[in-house]
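**Student:** Read top to bottom, the protein sequences are chains R and A. Quick note: the first sequence uses our numbering, first residue -14, plus one each step. Quick note: the second sequence uses our numbering, first residue -14, plus one each step. Got a structure for you, written out below as structure tokens; questions coming shortly.
Number of protein chains: 2
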Amino acid sequence: MARLDLQRPVVVTGGAGAIGSVLVRELLAKGAEVRVLDNFSSGRADHLPGGGHAAHLSVHRVDIRHQPEVARAVRGAGSVFHLAANPDIRLGTEEPSLDLEHGTVGTFHVLEAARRAEVPFVAFSSSSVVYGLPDTFPTPEDYGPLIPQSLYGASKLASEALLGAYAHTYGLATTIYRFANIIGPTMTHGVIFDFFEKLRADPARLEVLGDGRQSKSWLRTEDCVSAMLVAAEKGRGPVDVYNLGTDDQVSVKEIAEKVVAARGGTARIEYTGGHQGWAGDIPVQLLDIARIRGLGWAPRWNSREAVDRTITELAARSA
Amino acid sequence: MARLDLQRPVVVTGGAGAIGSVLVRELLAKGAEVRVLDNFSSGRADHLPGGGHAAHLSVHRVDIRHQPEVARAVRGAGSVFHLAANPDIRLGTEEPSLDLEHGTVGTFHVLEAARRAEVPFVAFSSSSVVYGLPDTFPTPEDYGPLIPQSLYGASKLASEALLGAYAHTYGLATTIYRFANIIGPTMTHGVIFDFFEKLRADPARLEVLGDGRQSKSWLRTEDCVSAMLVAAEKGRGPVDVYNLGTDDQVSVKEIAEKVVAARGGTARIEYTGGHQGWAGDIPVQLLDIARIRGLGWAPRWNSREAVDRTITELAARSA
């Protein structure tokens, strides 16, 4: 099956986002011509490289909900990395149509654009949240049943289902990444980012949602992107599904304590209590990454190292 | 958790359809007040009971794609059976937005209407096609991975995911039915129906898509509806998933030969060849029905009996 083709333009939706922008830099470094599609709701222009890359990088302000805009931007491309989505699980709980429109319908528009433009390869950033509350750890890719706990998770599973349908009905080659918690200096949401924001607003007190015992696997954006590229190059499709994560976990309590320490160690940590941080939170997460390791990839940093590195970066920025 | 409540109005979307209309009759027989929502694209008014039931049955011509119409019809109900969808897998291949709009978005509208109207229980007609091409037979409900082969299948899995999200985020109780091939006298599509239609058009020749060795499990509409009601009454939710089928299979070849025999035995059967009948066809299907049997339900007719009975009925009608 067709795979990632660096000789033809590569589209990255959500390309100005926390993960997308790192992927874009890596693709440019490999000599690819890259088209970024982003609505800049959470993506940021200053995440993208300027100057020397101008000839190989084009940036399109596109709302993924509008099929014609997506179709125009995809035409002539050889591959699509589809990362655009609402990035925040909790926003979807407040506004239930958000993940349907930006997630599921957005993915449909990308796939339909690829089909019509005869783009042979589409890769998609799904999430470990498709596993819902699994009872098997580490959780393998063939785990079932898949019962998402959030509208965000529902849109990820719905999007995966659309990739499967397009692959088998129209002959597209597809790769699906199920991400652990991806962290790094470009992130604009997530628990570590939130802790720094909260301490900026009130340096004396850090509120932690839940009991702090939520324990998850954390992967650096650089590692995430290197795994994405390995899978996109070596997959055999029609539909390849890969967990992307690390083999260890770090608790939210440990992260809270480390962030407080990095900010001077004076803030009081207060837990709201309860097993879940919020409705739809997945309190325990650990992915089986044997499949992506089987392609020769390994994470450069484990969860603890990834957390420490990210806290150091954010602390330096907020100092 | 809340379950089916026959003391308050019961909404049946797709209630004029092949399965919905049988469910509506059964609910009326149990004394429930029933509201049918249907766009009458494949549903038929003459499937619904008239006369004596008028006081307990209201019929609403509603397009599931229009949120306000759905919301109006759901208000004040105690339970929803959501069956409305594009019923034909192959139509979705020709028009890729069909299953997204009538399936996934339609389900979202039903769930959102239920949430806003505080309807505590929603049951949904999913399908065995969510299993894609499984390698385990009979296939249990916790089988993974779930990689649908068609846009119809993608919309079923997307809808299941939305039910999971609404159940866990907003406290709805939900039941998900994964149907085998449901057959009976009210059906307006599917292979048995199609064979009769083809022979009506050309009595000398019956074209069979694929090599005829596709082998599936067939469940009568009456059995399907009795299982739906048992699961809706006895489930413990938030999300109950039940396979509904039989323990045996009948091949498409056997069905073709039986239909030809029922029509006088003179037609020549021609196979188009290939493992699948069409892109997205699931050639082998057998569901593990231990879970629904565990609630005390059993099919009255096995697959062979269900096929024979249905052929006899359709032959009598076409004679």
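A virtual CB, placed ideally from N, CA and C, is assigned to each residue, including glycine. Keep in mind that this is a model prediction, so the values were computed, not measured.
1. Just checking: is the beta-carbon of R:Asp127 within a distance shorter than 9 Å of some beta-carbon in chain A?
2. Taking its Cβ as the centre, do 16 or more other Cβ atoms sit within 10 Å of R:Pro130, making it buried, or is it exposed?
3. If we call anything under 9 Å between Cβ atoms a contact, is R:Gly2 one with R:Ser27?
4. For a test of the three-state rule: what should DSSP assign to R:Arg190, helix, strand or coil?
5. Under 7 Å Cβ to Cβ from R:Leu142, same chain only, skipping five residues before and after it: list those, please.
6. So, helix, strand or coil for A:Leu42, using DSSP?
7. Ordered along the chain, which non-local residues of its own chain (more than five positions away) have a Cβ less than 7 Å from that of R:His45?
8. Hey, R:Thr171 and R:Val7 are a contact pair by Cβ (cut 8 Å); roughly how many whole angstroms apart?
9. Does the distance from the C-beta atom of R:Ala216 to that of R:Trp263 stay below 9 Å?
10. What's the call for R:Arg185, buried or exposed, on a 16-neighbour Cβ count within 10 Å?
11. Residues in the same chain with beta-carbon distance under 7 Å from A:Leu286, minus the five sequence neighbours each way, listed in chain order, please.
12. Can you name the residues of chain A whose CB is closer than 9 Å to the CB of R:Glu97?
13. Have a look at R:Gly258 and R:Leu194 and give me their C-alpha separation to the nearest angstrom.
14. Kindly confirm or deny that the segment 263 to 279 of chain A and the segment 85 to 99 of chain A touch, where touching means at least three C-beta pairs closer than 8 Å.
15. What ranges does the alpha helix (DSSP H) occupy inside the segment 191 to 237 of chain A, keeping only unbroken runs of at least 4 residues that lie completely in it?
16. Hey, how far is the Cα of A:Gly156 from the Cα of A:Glu97?
17. On the three-pair Cβ rule with 8 Å, is the segment 107 to 114 of chain R touching the segment 231 to 240 of chain R?
18. Taking the C-alpha atoms as reference points, what is the distance between A:His94 and A:Val47?
19. With respect to 8 Å, is the separation between the Cβ of R:Val269 and the closest non-hydrogen atom of the ligand GDP below this value?
20. Specify, as a first and last residue, the run of the alpha helix (DSSP H) that R:Arg302 falls within.
21. Helix, strand or coil, according to DSSP, for A:Glu255 in the structure here?
22. If you draw a straight line from the C-alpha of A:Asp232 to the C-alpha of A:Pro125, how long is it?
23. Determine, using beta carbons only, whether R:Tyr151 comes closer than 9 Å to chain A.
24. Could you tell me whether the Cβ of A:Phe93 comes closer than 9 Å to any Cβ of chain R?
25. With 7 Å as the limit, tell me which residues of the segment 205 to 237 of chain A have their beta carbon closer than that to any beta carbon of chain R; keep them in chain order.
26. For A:Ala139, which residues in chain R fall below 7 Å Cβ to Cβ?
27. Beta strand (DSSP E) containing A:Phe122: first to last residue?
28. So A:Thr92 is in the alpha helix (DSSP H); what residue range does that whole segment cover?
29. Ordered along the chain, which non-local residues of its own chain (more than five positions away) have a Cβ less than 6 Å from that of R:Pro123?
30. Got a sec: is the Cβ-Cβ distance from A:Gln134 to anything in chain R below 9 Å?
31. Can you grab the Cα-Cα spacing for the pair R:Glu145 / R:Gly91, in whole Å?
32. So, is R:Asp266 buried or exposed, given that buried needs 16 or more other C-beta atoms within 10 angstroms?
33. Using the Cα positions of A:Pro81 and R:Thr159, report the straight-line distance between them to the nearest angstrom.
34. If we require 4 or more residues per run, which alpha helix (DSSP H) segments fall completely within the segment -8 to 51 of chain A?
35. For R:Thr159, which beta-bridge partners are listed by DSSP?
36. Could you tell me whether the Cβ atoms of A:Pro(-6) and A:Glu18 are closer together than 9 Å?
**Tutor:** Looking at the coordinates:
1. By one-based count along the first sequence, residue 127 of chain R stands at place 142. Answer yes: the Cβ-Cβ gap between R:Asp127 and chain A drops below 9 Å somewhere.
2. As a position in the first sequence, residue 130 of chain R is number 145, starting the count at 1. Result: buried.
3. Against the first sequence, residue 2 of chain R aligns to sequence position 17. Against the first sequence, residue 27 of chain R aligns to sequence position 42. For R:Gly2 and R:Ser27, yes; Cβs fall inside 9 Å.
4. For the purposes of this step, residue 190 of chain R is identified with residue 205 of the first sequence, where counting begins at 1. DSSP places R:Arg190 in strand when its eight states are reduced to three.
5. Along the first sequence, one-based indexing puts residue 142 of chain R at 157. For R:Leu142, where only same-chain residues beyond five positions count, the Cβ hits under 7 Å are Val115, Leu131 and Pro133.
6. Taking the second sequence and counting its residues from 1, one reaches residue 42 of chain A at position 57. Three-state DSSP puts A:Leu42 in a strand.
7. Your numbering for residue 45 of chain R matches position 60 in the first sequence. So the qualifying residues of the chain are Arg20, Val21, Leu22 and Ala58.
8. For the purposes of this step, residue 171 of chain R is taken as the residue at position 186 of the first sequence. For the purposes of this step, residue 7 of chain R is taken as the residue at position 22 of the first sequence. R:Thr171 to R:Val7, Cβ: 6 Å. Contact.
9. Here residue 216 of chain R refers to the residue found at position 231 of the first sequence. Here residue 263 of chain R refers to the residue found at position 278 of the first sequence. Cβ atoms of R:Ala216 and R:Trp263: not closer than 9 Å.
10. Along the first sequence, one-based indexing puts residue 185 of chain R at 200. With fewer than 16 other Cβ atoms within 10 Å, it is exposed.
11. Indexing the second sequence from 1 puts residue 286 of chain A at position 301. Checking the displayed sequence, the identity of residue 286 of chain A turns out to be Trp instead of Leu. These residues qualify, in order along the chain: Arg205, Asp208 and Arg294.
12. Along the first sequence, one-based indexing puts residue 97 of chain R at 112. The contacting residues are Pro81 and Ser82.
13. Position 273 of the first sequence, counting from 1, holds the residue named residue 258 of chain R. Position 209 of the first sequence, counting from 1, holds the residue named residue 194 of chain R. Computed Cα separation, rounded: 7 Å.
14. no
15. 206 to 219
16. The sequence position of residue 156 of chain A within the second sequence is 171, counting from 1. The sequence position of residue 97 of chain A within the second sequence is 112, counting from 1. Approximately 12 Å between the Cα atoms of the pair.
17. no
18. Taking the second sequence and counting its residues from 1, the one referred to as residue 94 of chain A is at position 109. Taking the second sequence and counting its residues from 1, the one referred to as residue 47 of chain A is at position 62. When rounded, the distance between both Cα atoms is 12 Å.
19. With respect to the ligand GDP, the structure offers nothing, as it holds no ligand at all.
20. Counting from 1 along the first sequence, the entry for residue 302 of chain R is found at position 317. Unbroken alpha helix (DSSP H) run through R:Arg302: Ser288 to Ser303.
21. For the purposes of this step, residue 255 of chain A is identified with residue 270 of the second sequence, where counting begins at 1. Looking at A:Glu255 - three-state DSSP - the assignment turns out to be strand.
22. Counting from one through the second sequence, the residue named residue 232 of chain A turns up at place 247. Counting from one through the second sequence, the residue named residue 125 of chain A turns up at place 140. Their Cα atoms are separated by approximately 12 Å.
23. Here the question's residue 151 of chain R lines up with position 166 in the first sequence. For R:Tyr151, the answer is yes, since a Cβ of chain A falls inside 9 Å of its Cβ.
24. Locating residue 93 of chain A in the second sequence gives position 108, counting from the first residue. It does: the Cβ of A:Phe93 has a partner Cβ on chain R nearer than 9 Å.
25. Val224 and Val226
26. Start at 1 with the first residue of the second sequence, and residue 139 of chain A comes out as number 154. Near A:Ala139 (Cβ distances below 7 Å), the residues of chain R are Ala146, Leu147, Gly149 and Ala150.
27. For this step, residue 122 of chain A is matched to residue 137 along the second sequence. Here A:Phe122 belongs to no beta strand (DSSP E), and DSSP marks it neither H nor E.
28. In the second sequence, counting from the first residue as 1, residue 92 of chain A sits at position 107. Unbroken alpha helix (DSSP H) run through A:Thr92: Gly91 to Arg101.
29. On the first sequence, residue 123 of chain R is found 138 positions in, with the first residue counted as 1. If we look at R:Pro123 and ignore the five residues flanking it on each side, its Cβ neighbours are Leu271, Leu272 and Asp273.
30. For this step, residue 134 of chain A is matched to residue 149 along the second sequence. With 9 Å as the cut-off, A:Gln134 counts as an interface residue toward chain R.
31. Within the first sequence, the letter at position 160 stands for residue 145 of chain R. Within the first sequence, the letter at position 106 stands for residue 91 of chain R. So the two alpha carbons sit approximately 12 Å from each other.
32. Taking the first sequence and counting its residues from 1, one reaches residue 266 of chain R at position 281. When all chains shown are included, R:Asp266 counts as buried.
33. Start at 1 with the first residue of the second sequence, and residue 81 of chain A comes out as number 96. Start at 1 with the first residue of the first sequence, and residue 159 of chain R comes out as number 174. Using only the alpha carbons, I get a separation of about 17 Å.
34. 5 to 14
35. Here the question's residue 159 of chain R lines up with position 174 in the first sequence. Beta-bridge pairing links R:Thr159 to R:Val107 and R:Val224.
36. Position 9 of the second sequence, counting from 1, holds the residue named residue -6 of chain A. Position 33 of the second sequence, counting from 1, holds the residue named residue 18 of chain A. Against a cut-off of 9 Å, the Cβ pair of A:Glu18 and A:Pro(-6) comes out as a contact.
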